[in-house]
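This report refers to the structure that appears directly beneath it.
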Amino acid sequence: MQKIKYLCFIIFITIGSGFSFIINASSEDSTKHDATLHCTHFPSDCKKSIKSTVESQYQQKIPSPTEPGQSIFGAIAEVNKLLEEGNVDWNSVDLDALMEHLKDMDNLMTNTMVRKNELPNGLTINVSNSGNGQRAMDNMIPAHASFLQNVRPNWTIKYEKEKSNYIITVTSEIQKEAIKIKGLGFAGFMVQDDHHASHHMSLALKKMVH
């Protein structure tokens, strides 16, 4: 008799579990059916949901960019960050002056034409305006040439303005330096003595020094 009761109990549990599985499966099928039916009648809802999920996964996988997208913007942003961290007196700041200088730097490299004539001991460079480069030439070439002469005692640097053009002559009696001058050309001459970053901070702080 005890065995019969135990057998009946097992049968009851088995049937109940199966019934529960059928109900759950039926419920899941019903939910999927309802969702499919909703998407059929309102497809835009489903597209938004899928797009949102994909965008979320994409954003999680891809890190945020660090480049500002434009060099002048990035240079000013860097100086601004340093000023913010340094608790600067904002009465002494002029970031627009820095912006104008950075425009000159860009125009000097992109809107000028350079012709070179090699000398036995150096180089003669003829720089002319090919767009919006004239202001940049006037602002940067005399200042940089004068500055560089003071920090390059082994170089002789001369410049003159002929109409709108600048003629720059750079020479050295040291053969190694003369070879270097020829290799540098105009672009290399203008970036010599890597002082531009500190110069930019000075401009931002209204200290008009080269």
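Residue 1 is where the sequence shown starts when you use UniProt numbering, and the numbers rise one by one after that.
No residue lacks a Cβ here, since even glycine has one placed at the ideal position from N, Cα and C.
For residue 162, the pairing in a beta bridge is given by DSSP as 165. Looking at the DSSP output, residue 115 shares a beta bridge with 126.
Judged by pairs of C-beta atoms under 8 Å, the segment 130 to 143 touches the segment 103 to 113, as three or more such pairs exist.
In this structure, 88 is the residue among 69, 146 and 88 with its C-alpha nearest to the C-alpha of residue 202. The alpha-carbon separation between residue 149 and residue 173 amounts to approximately 14 Å. Take the alpha-carbon of residue 183 and the one of residue 206: they are about 35 Å apart.
Judged by beta-carbon spacing, residue 169 lies within the 7 Å limit of residue 124, meaning their Cβ atoms are closer than that value. Comparing alpha-carbon positions, the option among 167, 192, 165 and 166 lying closest to residue 177 turns out to be 192. For residue 142, the CB contacts under 7 Å within the same chain, skipping 5 residues up- and downstream, are 159 in chain order. The C-alpha of residue 96 lies about 25 Å from the C-alpha of residue 146.
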